[in-house]
Amino acid sequence: MATTVTEPGLERVERLGRIWVEPRGLLGWLRTTDHKRIGLLYFFTTLAFFGAGGIEALLMRTQLAQPNEKVLSPETYDQLMTMHGVTMIFLFVIPMTTGAFGNYLIPLMIGARDMAFPRMNALSYWLFLASGLFMYASVFMHVAPNAGWFDYVPLALKEFNPGRNIDFYALGLIFNAVSSTAAAINFIVTIFKLRAPGMSINRMPLFCFAMLAVSLSLIFALPSLTIDLVYLELQRNLGFHFFDVAHGGDALLWQHLFWLFGHPEVYIIILPAFGIATSIIPTFSKRKMIAFPLVALAELLVAFIGFGVWAHHMFATGLPTITLVFFAAASMMVVIPSSIQVFAWTVTVALGRPEFRAPLLFIGGFIVFFVLGGLTGIMFAAIPFDQATTDTYFVVAHFHFIIFGAAVFPILGGMYYWFPKVTGRLYHEGLAKLSFWLTFLGTALTFFPMHIIGLLGMPRRVYTYPSSLGWGAYNLSETIGAFILTAGLLLIFGNLLYSRFRGAPAGPDPFFGGTLEWATTSPPPPYNFPVIPTVTSAYPNWDAEDRQADLRRLERGELVLDKGHETPASTVVDAVPDEVLEMPGESPWPLAVAVCTGLLFIMLLTQHYAVAGVFAGFALLCVAAWHAKEPQES
Amino acid sequence: MNALPYSGEATTAAAVARVEQGRLARPNGWWGMALFVATEATLFGTIIGTYFYLRFNNLHWPPPGVPEPKLTLPLVLTGLLVATSVPVQFAVVTASRGQLARARAALLLAAIVQAGYLGMQLHLFVHDVHEFPPSGSAYSSIYFTMLGAHHLHVFVGILLIFWILLRTATGLTSYRMNGLRATAFYWYFVNVLALCVVGTQLSPLA
């Protein structure tokens, strides 16, 4: 029996609309605190950076297509290679998965009306944008970072790298880390505290578990990168000594701290992919994920083990054997939670009635590349093999299968999957399937031959190679693959752009998804849900009776929360409703803080430390102005 | 549902006290600060880790020509700093019962002692920089980085306490109460940090 909404219910819905609506136009977007708008801002910004990183990759592949090519100078190649890595990791994958997907989806999936700290959410975005622009300014000034994304000392020290290149890198990433830390804290508190009544932790969507694991990894991993970068800046510009042996420092200190961050970072990149896979698979297999608690624990366990494996990036640096053995064993342990998930995904598809639409195809591609890249990953845990292949293209092949094949494929699949939710329209299925096969073939053709030339001995990070070694054919096929891959990606974005305007209307739930984002209209209203949903299982949108009960609550005015900008807070484990929160509305101050912080970093770069202090003061004043207006006053 | 505490309406000290007592779980602001403290603790863990990493890479620590750290003054100052946790906690308890005047007096007392501490520490810091500049060795580099980072945290803590004093001059709201809780949490963390930092700073004497 469907419950129809009557006059008082409609009035409540209208009132919510009036309370939560944000101004249209540019000013509205600059002041926004709506997690969906911020998610879209993240989406388009990271997409632009993805384009930049992609162009860098294509330029490098063009240079490497044949031996002794002269498309790029060695210095330009170094800059492009470094910016490609920095862009794809810090300006594309992480902000795309957390900032765009996480922001847009987490509050919807847990039945909340916004993130826990809406204004800090806006601040995260503006800081991210500013840090990206800061780093990209270096490209246009021809002083882009040039020591690789890992930025090893002593190459990165002033003696060997006297320009501003490395300062852009170090300051830009510190800046970026502030944004990521704020975003991670926001996600964790949102996931802990804003879940709908009844969504106890064991009923939380697996996507949210993955984002929780990512956010926890971020807050514990980023500090070691930040402090490493601070040491580097102090040494480069103020004469401190951390990394030079002559004054009691140690070059390996950089690597330890970098990889203490860098390996958790790898899992920060891959975990959202797991989360997206666990969202798409049940929907198109038409059944719940098998081994739900094991998968949830595996997601958290991957993040945890990620902190104990960093030295496997340093097997060739001469660490003591006992250290190597410990880290080799720890690295092999990652296989366990990873395999649990691979089995859970494949068995869920096998036991369900799978419908291979484009999102599920992308997840299929993801599983293929994840398994292949995972197998080479285990090979690196074997110390002698690692020492033989270190710094060759074999490594490049491995991590691109993982970072592109495994991490980006679910992002692409997720774009198709949630496109109807965000736009209210369906994408073109035929073109979507074609775009999958193009990207799949392109990815395989680009990165598979890298295994072979790696084993043949081609070193990574070189801008060219001699013709006598017989690497030309492999490299040419990689370059061709890169262009096929680009065609596939362009087809995806073309399809989405076309469908945005011409696609068929999607309705609230075109795929019969099980999580709460499908319980509201497409696109969702600014307040997300007219009634805060009540949850009794892990797939609440498949509990038709509960959703009917929501409508009856709307009639009675229960859990509508239409007195103000309200959302309920609940207890952390059991999600018992505990408090009604008055959420802050739009504010210009997050943007102002980001602008002041940007100027602060420009002054640090140009070494005007006193002026930098002034801008730090301005940033603090903006923070004060921001907090002076309390939520209940808006 | 209507029985749930509603933070938007808690704009008097008495209403704040009711919200505080009606809650089952800790508020969002507490969690936000807890996670911020977790990431900051990791930062200091890394700094202290670096200190010992460099120490074990050096035969002489501190290197020849650099004086050993002084024992008494840093310990006395740290003791003074840690003692200010008492008035800060007193402020949280009294404010959550709606006794705003007592809370503000305690905060003011804490802030004055903390400012005195920071003044003394900065004086020592400048003195040390003149005696063995950070550009001299890895020891002095990590020494000044660690102490500088901690002084910065004390400074931020004092700013937060002054901010709460300023905001509560016009009364208490639920938002301000959460701010006070978060500030207090941060302050306890800075105090634990002070113990770790002074222990590391004085470790060459052991």
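Heads up: the protein sequence lines correspond to chains A and B, in order.
Counting in this note's numbering, the first sequence runs from 311 upward without gaps.
Counting in this note's numbering, the second sequence runs from -12 upward without gaps.
Note that CB positions come from ideal geometry on N, CA and C, so glycine has one too.
Please read all numbers here as calculations on a predicted model, not as lab measurements.
- Interface annotation for the segment -12 to 3 of chain B against chain A: Met(-12), Leu(-9), Pro(-8), Tyr(-7), Ser(-6), Gly(-5) and Thr(-2), criterion Cβ-Cβ distance under 7 angstroms.
- The DSSP-derived three-state label of Ala375/A is coil.
- In this structure Met164/B is not in contact with Ala97/B, their Cβ atoms being roughly 17 angstroms apart against a cut-off of 8 angstroms.
- With contacts defined as CB atoms closer than 8 angstroms, Glu739/A and Arg810/A fail to qualify as a contacting pair.
- Shown in chain order are the members of the segment 116 to 148 of chain B whose Cβ falls below 9 angstroms from a Cβ of chain A: Pro120, Pro121, Ser122, Gly123, Ser124, Ala125, Tyr126, Ser127, Ser128, Ile129, Phe131, Thr132, Ala136 and Leu146.
- By the neighbour-count criterion, in which a residue is buried when 16 or more other Cβ atoms sit within 10 angstroms of its Cβ, Lys503/A is buried.
- Inter-residue distance for Val179/B and Phe822/A is about 51 angstroms (C-alpha atoms, whole angstroms).
- Bounds of any beta strand (DSSP E) do not take in Leu192/B, whose DSSP letter is neither H nor E.
- The Cβ of Ile34/B sits closer than 8 angstroms to at least one Cβ of chain A.
- The segment 856 to 874 of chain A and the segment -12 to -3 of chain B touch, with three or more beta-carbon pairs separated by less than 8 angstroms.
- The DSSP-derived three-state label of Tyr726/A is helix.
- Residue Met768/A holds the alpha-carbon nearest to the alpha-carbon of Thr700/A among Ala447/A, Met768/A and Pro405/A.
- Residues of chain A whose Cβ lies closer than 8 angstroms to the Cβ of Trp150/B are, in chain order, Ala934 and His937.
- With respect to chain A, the C-beta atom of Trp18/B has a partner C-beta closer than 8 angstroms.
- Per DSSP, Ala879/A lies in no alpha helix (DSSP H) segment; the continuous beta strand (DSSP E) that holds it begins and ends at Glu876 to Ser880.
- In the DSSP assignment, Glu7/B falls outside any beta strand (DSSP E) and within the unbroken alpha helix (DSSP H) covering Ala0 to Gly9.
- Neighbourhood of Phe438/A in chain B, by CB distance below 7 angstroms: empty, with the nearest CB roughly 17 angstroms away.
- When Cβ-Cβ separations below 8 angstroms define contact, Leu610/A makes no contact with chain B.
- Counting along the chain, Asp388/A sits inside the alpha helix (DSSP H) bounded by residues Pro384 to Val396.
- Taking each of Ala0/B, Gly36/B and Val113/B in turn and checking the Cα distance to Ala156/B, the smallest one comes out for Ala0/B.
- Proximity of Ile529/A to chain B, defined by a Cβ-Cβ separation below 8 angstroms, is satisfied.
- Here DSSP, grouped into helix, strand and coil, assigns Glu896/A to coil.
- Of all residues in the segment 486 to 499 of chain A, those with a C-beta nearer than 7 angstroms to a C-beta of chain B are Thr491, Ile495, Ile498 and Val499, reading in chain order.
- Your pair Pro507/A and Thr844/A checks out as a contact, with CB atoms roughly 5 angstroms apart and the cut at 8 angstroms.
- For Phe757/A, the closest of Tyr784/A, Leu535/A and Val905/A by C-alpha to C-alpha distance is Tyr784/A.
- Closest by C-alpha distance to Phe672/A, out of Pro759/A, Ile646/A, Phe584/A and Ile579/A, is Phe584/A.
- Contact check for Gly123/B against Val53/B passes: the beta carbons are separated by less than 8 angstroms.
- Counting along the chain, Ala98/B sits inside the alpha helix (DSSP H) bounded by residues Leu87 to Glu118.
- Between the segment 86 to 101 of chain B and the segment 65 to 78 of chain B there are three or more C-beta pairs closer than 8 angstroms, enough to call the two in contact.
- Taking the Cα of Ala879/A as reference, the smallest distance to any Cα among Phe353/A, Tyr849/A, Asp424/A and Thr314/A is reached at Asp424/A.
- Taken through DSSP and simplified to helix, strand or coil, Glu889/A comes out as strand.
- Going by DSSP, Met425/A is part of no alpha helix (DSSP H) at all; its letter is neither H nor E.
- Under the three-state reduction of DSSP, Arg866/A is assigned to helix.
- Interface with chain B (8 angstroms Cβ-Cβ cutoff): Ser787/A is excluded.
- The segment 596 to 604 of chain A makes no contact with the segment 626 to 633 of chain A, as fewer than three CB pairs between them are under 8 angstroms.
- Burial state of Leu685/A is exposed, judged by a 10 Å Cβ sphere holding fewer than 16 other Cβ atoms.
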